[in-house]
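Adding 65 to a residue's 1-based position in the sequence shown gives its number in my numbering.
Below: one structure, written as structure tokens.
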Amino acid sequence: MRLLLPLLIVLFLASCNDKTPDVSNIKVDLPVDRYDKLIYSIDTNNVAEGLKKVYAQQPGFTNAFIAQVLQLNQPYSDTSKILQEAMHSFLTHTQQLKDSVWQKFDKNTEWTKGVENGLKYVKYYFPQYKLPKLIGFIGDLTGREILTQDGLAIGLDYYMGKDFSYYLIPEVQTQIPTYLSRRFSVEYLPTNCMQAVIDDLYPDTSFSKPLIEQMVEKGKRYFVLDKFLPKTNDTLKLQYTKDQLDWCYKNEKNIWKFFLDGDLLYSTDPSTSNFVSEGPNTQGMPQESPGNIGLFVGWRIVQKYAEKHPNITIQQLMKLSSKEIFNEAKYKP
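Pasting the structure below:
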């Protein structure tokens, strides 16, 4: 009993400090439309008629599919020969990819669970937000998550597992290298979907601002992501490997010194986009560093600010300017 009592006290204190809300009673109706099933039902000998039926059922996403997947700069038209030819070409050359996707996702109905759980937290924090339905599609790796009036569309071909043979084709790897395709598995799906919701709630307008403001903006968005997916591992949310995240923690002071010594924080030079964009690592830093290292820095700054304001809400924090958060955080690793 003497040994048990301290353990119970620790567990009690830990539960008191856990501010994760209980969403077990929040109901989320998450219908899933398989747009891929719809378009592959098109008779390639009569694409015009098939497209007409598809558009009648999914007008919003069909126009998004035309723009982002078929990459045509035009909305749906039942008389467009260019559209019909593009759809015919897409349907015929993606048959093998379609077969692989269907083999994986027709048998697995669990892939929506993480998204559903994330949407419970969205509903908790934003009760007035209209939760999207899910739309599964195949885009031949030209569209991952697309939010439209019809719902949140998910490119299922992005979630086949990092060793999927299609990702290893040399022509594919020139466009999508291994440091990206290593994340093409279903455990990343909730993170990517919640990021799409965050972009809908709070569009990012920081692109042309000084680097420090871009980094803090990323940190703000991670703050929201952490609220929506509180039980998801940081490696999945930051999309770093465990070794990369460990390296960031161990070298946090040196990372910050790098930005200070290079006089980079207030730079608006386009070359600084390297620090807030994807890459195998960060240019100018050791090979062990992750790409998009600005996300880590921005996240730590926002963490520092949140420690000083433990009761701040998502809405309150997102209203603050990145400059205000940075100045008050007094970040000094």
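Glycine is no exception: its CB is placed at the ideal position from the N, C-alpha and C atoms.
Since we're looking at a predicted model, the values are computed, not measured.
Beta-carbon proximity check, residue i vs residue j, cutoff 8 angstroms
i	j	result
Ala429	Leu162	The chain is shown only over 66 to 398; residue 429 falls outside these bounds and no answer can be derived.
Glu181	Val262	no
Lys42	Tyr190	Residue numbering for the chain in the displayed model covers 66 to 398; residue 42 lies beyond these limits and cannot be assessed.
Val88	Trp176	no
Gly284	Ile377	no
Thr256	Thr297	yes
Thr109	Leu156	yes
Ile29	Tyr100	The question about residue 29 has no answer here: the residues shown for the chain are numbered 66 through 398.
Leu310	Lys302	no
CA nearest to the CA of residue i, picked from the options
i	options	result
Lys28	Gln238, Asn392, Asn128, Phe170	Missing from the structure shown is residue 28; the chain here goes from 66 to 398 and no further.
Phe340	Gly349, Asn357, Leu330	Asn357
Ile234	Met383, Leu206, Lys397	Leu206
Val281	Phe391, Phe155, Thr239	Phe391
Glu114	Gln133, Lys84, Ser145	Ser145
Arg247	Gln240, Tyr232, Pro375, Asn298	Tyr232
Ile219	Asp269, Asp98, Gln352	Asp98
Val119	Phe202, Glu317, Leu310	Phe202
Thr85	Leu329, Leu290, Pro140	Leu290
Ser386	Ile91, Pro375, Lys397, Gly363	Gly363
Ile91	Asp265, Glu317, Gly183	Gly183
Gln122	Tyr141, Gly179, Asn111	Tyr141
Thr306	Asp265, Tyr253, Asn319	Tyr253
Pro192	Glu343, Lys318, Leu266, Asn346	Leu266
Lys397	Thr239, Lys318, Lys178, Gln168	Lys318
Phe324	Gly359, Trp312, Pro345	Gly359
Separation of residue j from residue i, as counted between CA atoms
i	j	result
Gln214	Ile107	23 angstroms
Ile131	Arg209	14 angstroms
Ser354	Tyr186	32 angstroms
Lys369	Trp321	14 angstroms
Gln380	Tyr287	14 angstroms
Lys117	Met225	30 angstroms
Met383	Ser154	44 angstroms
Gln260	Ser271	16 angstroms
Ser165	Ser230	10 angstroms
Tyr331	Lys395	16 angstroms
Gly216	Pro197	5 angstroms
Pro96	Lys172	17 angstroms
Ser80	Phe361	Caution applies to Ser80, whose pLDDT of 42 falls short of 50 and renders its modelled position unreliable; the value that the coordinates give is listed next. Going from the Cα of Ser80 to the Cα of Phe361 covers about 27 angstroms.
Pro268	Thr243	29 angstroms
Thr159	Ile211	20 angstroms
Met350	Glu278	21 angstroms
Thr300	Lys274	27 angstroms
Pro335	Leu276	10 angstroms
Asp328	Gln348	15 angstroms
Cys258	Phe249	13 angstroms
Thr174	Leu221	13 angstroms
Val112	Tyr105	10 angstroms
Glu343	Lys195	30 angstroms
Contact test: residue i Cβ vs the ligand GTP heavy atom, cutoff 7 angstroms
i	result
Gly216	As far as ligands go, the structure on display features none, and thus does not contain the ligand GTP.
Any C-beta of chain D under 8 angstroms from that of residue i
i	result
Lys388	Included in the structure is just one protein chain, with no chain D present.
Complete runs of the alpha helix (DSSP H) confined to the segment 128 to 185 [at least 4 residues]: 146 to 158, 160 to 170
TODO: Tell me the start and end of each unbroken alpha helix (DSSP H) in the segment 283 to 347 that is at least 4 residues and wholly inside, in chain order.
DONE: 299 to 303, 307 to 315, 317 to 326
Ordered list of beta strand (DSSP E) runs contained in the segment 182 to 258, each at least 3 residues: 199 to 202, 210 to 213, 216 to 220
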